[in-house]
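Basically the numbering used here = 1-based index in the sequence shown + 88. Data first, discussion second: the structure below is written as structure tokens.
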Amino acid sequence: MNFDSVIIGGGVIGSAIAYFLSGQSKGTLKIAVIERDPSYQEGSTARSAGGIRQQFSTPENIRISQFGGDFIQNISQHLSVDGDPVHVSFEEKGYLFLAQDAQIPILYNNNAIQKQENVPVALLDPEDLARSYPWMNISDLAGGSLGLEGEGWLDAYGLNQAFRKKAISQGVTYFKDEAVGLEVANSQIRAVLLKEAGRIGCGTLVNAAGVHAATVAEWAGIDLAVRSKKRFVYSFSCRTEIEGCPLTVDPSGVYFRPEGGQFIAGCSPEAENDPDCHDFDVDYGWFEEHIWPILANRVPAFEAIKMENAWAGHYAYNLLDQNAILGPHPTIQNFFFANGFSGHGLQQSPAVGRALAEIILNDSYQTLDLQRFSFQRMLDNEPLPEINVV
Ligand SMILES: Cc1cc2nc3c(=O)[nH]c(=O)nc-3n(C[C@H](O)[C@H](O)[C@H](O)COP(=O)(O)OP(=O)(O)OC[C@H]3O[C@@H](n4cnc5c(N)ncnc54)[C@H](O)[C@@H]3O)c2cc1C
């Protein structure tokens, strides 16, 4: 069995690549996606918080999310199959980054970059914050930055499924199987070895294996600095109405946002308390001890909340700079990477899918130049850092 392109991983990234590659090649390529878990319960996508923001500090990340926002707002035009509308429940309610005095220079710096990239974003002073969000304690705040358009959250699983369904309608074959090895000869990937179906010959191979990307790379003797890092999302109810609540990022790094009639919240741990991890065990104590006090300080009504539920998911964490690794390997040039998205791969999936299709088909990016995310920077140890306010 032979395919022109094989993609390992049918999460939101692999499925977005399959959709764009089959669309851009107009059915001339035989494309396969290998996905071992069609229930998508263990991958990052279904466990994501589903956020999309334009407030980044790297111009490419801003442009990636601008394309992503536009794509999601017109999703039925892109991903409808047989005229059925596509629903991903996009809630365009903005991201609000809060800053204390020490963080104001970063907030203003980021704002200057965002303005250059035409991001609709407003800087708010404490009076603006008090007026717009009367439920918020602003006593320790020096300002905030609010995205006015193209930011919010959506149904991550729904987006994954929509890409997958459309890719299949464009002729892509999904295998429910596990890739267990690669056949490599003369600096080329020749085939993918599957647990059930055996050997599949391939012209190009894409690594879209999420937190398992380093294992797939290792089969070709490639060291990929992407590790699985566990993140918790806690949901809670609050009896008081919190009107007009955007996705709010506290200066501590704790974020919260509405989810249906409830809220969700989470936070990334300090680097020294962030081991490589694949299990799904939830640390409920961390909510009580760390997150809740911060929530209650920021929103006094959150003193009386009740935690309802919690889940764990994993970031495919790029140890160098937490940014994506995109494009061909410098030596094994028919081996393409779309990995290391850390906490922002969902919103990047439309632009990454398009970019990988472009570089596979044309050897260069045609729309957004994403060359700075190349594998080469990993080998050169040249981070492309994203400067967050927190
Ligand atoms: C708690 C949490 C919150 C997040 N919040 C956001 C957010 O607000 N906004 C945002 O943009 N991003 C967010 N993210 C990140 C985002 O979810 C990920 O970056 C994105 O889903 C990555 O997609 P993926 O397709 O690369 O990975 P995955 O969804 O993990 O897909 C990879 C797939 O590869 C398959 N696979 C792996 N190895 C093999 C193999 N050997 N054979 C066959 N199949 C294989 C797996 O089964 C899996 O389905 C969050 C992540 C988490 C965990």
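Ideal Cβ placement from N, Cα and C applies to all residues, glycine included. Please read these numbers as outputs of a predicted model, since none were measured by experiment.
Cβ-heavy atom distance between residue i and ligand 1 below 8 Å?
i: residue 354; result: yes
i: residue 213; result: no
i: residue 305; result: no
i: residue 313; result: no
i: residue 122; result: yes
i: residue 366; result: no
i: residue 265; result: yes
i: residue 241; result: yes
Could you give the DSSP three-state label for residue i: helix, strand or coil?
i: residue 398; result: strand
i: residue 170; result: coil
i: residue 438; result: helix
i: residue 301; result: helix
i: residue 207; result: coil
i: residue 144; result: coil
i: residue 115; result: coil
i: residue 121; result: strand
i: residue 188; result: coil
i: residue 452; result: coil
i: residue 353; result: strand
i: residue 216; result: helix
i: residue 100; result: helix
i: residue 317; result: strand
i: residue 281; result: strand
i: residue 288; result: strand
Is residue i near ligand 2, with its Cβ less than 8 Å from a heavy atom?
i: residue 319; result: Ligand 2 is not part of the structure shown, which contains ligand 1 as its ligands.
Taking residue i as the reference, give the member of the options with the closest Cα.
i: residue 439; options: 302, 426, 431, 355; result: 426
i: residue 187; options: 165, 200, 226, 176; result: 226
i: residue 293; options: 158, 422, 129; result: 422
i: residue 319; options: 328, 329, 299; result: 299
i: residue 328; options: 428, 393, 352; result: 393
i: residue 234; options: 228, 165, 176, 334; result: 334
i: residue 338; options: 451, 230, 470; result: 230
i: residue 268; options: 251, 297, 256; result: 297
Between the beta-carbon of residue i and the beta-carbon of residue j, is there less than 9 Å?
i: residue 153; j: residue 238; result: yes
i: residue 271; j: residue 282; result: no
i: residue 288; j: residue 466; result: no
i: residue 400; j: residue 367; result: yes
i: residue 244; j: residue 404; result: no
Report all residues from its chain with a CB closer than 8 Å to the CB of residue i; omit the five preceding and five following residues, and keep chain order.
i: residue 158; result: 238
i: residue 203; result: 209
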